[in-house]
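Participant:
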Amino acid sequence: MPAPAPTVLGPLRDAGPAALEERYAVSRRDIRAAGRVADGHGDLKRAASLRAMAAPGRQFLSFDGRDGGRSVEVVGELSTARRVAVLVPGAGIGLDAYGRLRRGALALQRELGEGGVVVAWLGYRSPATVSPASLTEGRAAEAAPGLRALVDGLSATLPGARFTLLCHSYGSVICARAASGTTADAIVLYGSPGTGARDVASLRTGARVWAGRSGGDWIGRVPHVRVRLPFVATVGFGTDPVADRFGAEVFDAGDGGHSDYLLPGSRSLTNLARIVSGRAPLEASHA
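Residue numbers (the numbering used here): 70 to 356.
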């Protein structure tokens with residue numbers, strides 16, 4: 070699907086309300102322009118998704134409808150944020166399925182409450198869930214510099230805020246690539262197939278590293294291997310992040326499925342919000 074080139078926006082250097090609203094307005098115009106192109110090509114699904122994204126009150130720091138689409142959306146009041154969660158989605162998320170990412174961001178922001186902000190980062194070409202690209206680190210390697218730059222820029226603009234990377238599924242591979250030198254206070258790997266790293270020490274990060282997996286998540290049945298295929302690629306992501314030998318702090322993520330971690334009322338959502346807030350997660354009940 071073709072899309073117009075977006076307005077060129079530099080790094081965010083001012084998180085004041087006026088500067089943010091100006092940036093949101095620019096991105097809204099870019100989204101509407103992409104929507105008109107989608108309408109003109111008869112792509113009704115893409116056009117409907119973009120209309121929702123351009124609705125009044127939506128807050129996008131950036132948007133690019135080309136090459137599958139990229140966007141960074143803020144849920145909450147960034148100018149007064151004290152706790153910022155950056156959602157890094159896994160495979161199968163794009164502009165046409167953006168509502169899934171948005172719903173999770175809304176649920177998490179409500180759980181965080183006042184002073185809590187969620188940044189939904191769709192900053193890469195998310196691979197299809199079942200595809201060769203979802204089994205290798207290529208897309209993650211492309212995405213990691215942009216994620217690191219976003220977090221570093223936000224933390225410089227909001228020096229008093231606490232930042233947490235919430236990395237779901239293939240998103241955990243991206244976070245592992247971005248971990249070294251990140252200014253994030255914590256990195257949370259959940260529903261992860263592995264990260265490509267042998268253990269936490271291999272991430273070379275000063276962030277506190279957490280890992281969790283729900284009891285009903287099919288990703289737990291995926292072999293945690295990493296095999297180099299000559300002249301092709303390295304397939305698989307190695308050590309299970311919830312395994313003792315990986316070295317992460319493991320939290321209770323409840324009994325939901327692979328796509329249920331941010332469901333309202335779930336143990337996983339409660340504990341993710343507690344970690345973002347710098348609080349200890351609730352322990353599993355064995356009653």
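A virtual CB, placed ideally from N, CA and C, is assigned to each residue, including glycine.
With a CB to CB cut of under 8 Å and the five nearest residues on each side skipped, what residues in its chain are close to residue 148?
Facilitator: These residues qualify, in order along the chain: 84, 85, 86 and 89.
Participant: Relative to the C-alpha of residue 71, which candidate in 197, 164, 141 and 278 has its C-alpha closest?
Facilitator: Closest by alpha carbon: 164.
Participant: Would you report the Cα separation of residue 274 and residue 253, rounded to the nearest angstrom?
Facilitator: Distance between the alpha carbons of residue 274 and residue 253 is about 9 Å.
Participant: Counting along the chain, where does the beta strand (DSSP E) carrying residue 139 start and finish?
Facilitator: Where residue 139 is concerned, the enclosing beta strand (DSSP E) stretches over 139 to 144.
Participant: In this structure, what does DSSP give as the bridge partners for residue 185?
Facilitator: The partner list for residue 185 (beta bridge, DSSP) reads 152.
Participant: Let me know if residue 296 comes out buried or exposed under the rule of 16 or more other beta-carbons within 10 Å of its beta-carbon.
Facilitator: With fewer than 16 Cβ atoms within 10 Å of its Cβ, residue 296 is classed as exposed.
Participant: In the DSSP assignment, the beta strand (DSSP E) including residue 294 goes from what residue to what residue?
Facilitator: Unbroken run through residue 294: none, as it is neither H nor E.
Participant: State the DSSP-derived secondary structure class of residue 191, mapped to helix, strand or coil.
Facilitator: Residue state, collapsed to three classes: strand.
Participant: Is DSSP giving residue 180 helix, strand or coil here?
Facilitator: Helix at residue 180.
Participant: Suppose you measure from the CA of residue 348 to the CA of residue 340; what does that come to, to the nearest Å?
Facilitator: For residue 348 and residue 340, the distance between alpha carbons rounds to 9 Å.
Participant: Report the three-state DSSP secondary structure of residue 302 (helix, strand or coil).
Facilitator: Residue 302: strand per DSSP, three-state reduction.
Participant: For residue 240, which residues in the same chain have their Cβ closer than 7 Å to its Cβ, ignoring the five residues on either side in sequence?
Facilitator: So the list reads 157, 158 and 159, once near-sequence residues are dropped.
Participant: Determine, using beta-carbon pairs with one atom in the region 97 to 112 and one in the region 167 to 175, whether at least three such pairs fall under 8 Å.
Facilitator: Output reads no: the region 167 to 175 does not touch the region 97 to 112.
Participant: May I ask you to report which of helix, strand or coil DSSP gives residue 330?
Facilitator: If DSSP states are grouped into helix, strand and coil, residue 330 belongs with coil.
Participant: Near residue 204, which residues of its chain fall below 7 Å by C-beta distance, leaving aside the five closest residues on each side in sequence?
Facilitator: Only 304 and 305 meet the Cβ criterion.
Participant: Return helix, strand or coil for residue 238, following the three-state DSSP convention.
Facilitator: Residue 238 falls in the coil class under three-state DSSP.
Participant: With a 10 Å radius around its C-beta and 16 neighbouring C-beta atoms as the bar for buried, classify residue 198 as buried or exposed.
Facilitator: Under this definition residue 198 is an exposed residue.
Participant: In whole angstroms, what is the alpha-carbon distance linking residue 337 and residue 325?
Facilitator: Using only the alpha carbons, I get a separation of about 8 Å.
Participant: Can we say the region 187 to 194 touches the region 273 to 289, given the rule of at least three CB pairs closer than 8 Å?
Facilitator: Too few Cβ pairs lie closer than 8 Å, so no.
Participant: Alpha carbon to alpha carbon, how far is residue 134 from residue 99? Give it in angstroms, no decimals.
Facilitator: Their backbone Cα atoms lie some 8 Å apart in a straight line.
Participant: Starting from the Cα of residue 130, find the closest Cα among 105, 78, 137 and 104 and give me that residue.
Facilitator: That would be 78, whose Cα lies nearest to the Cα of residue 130.
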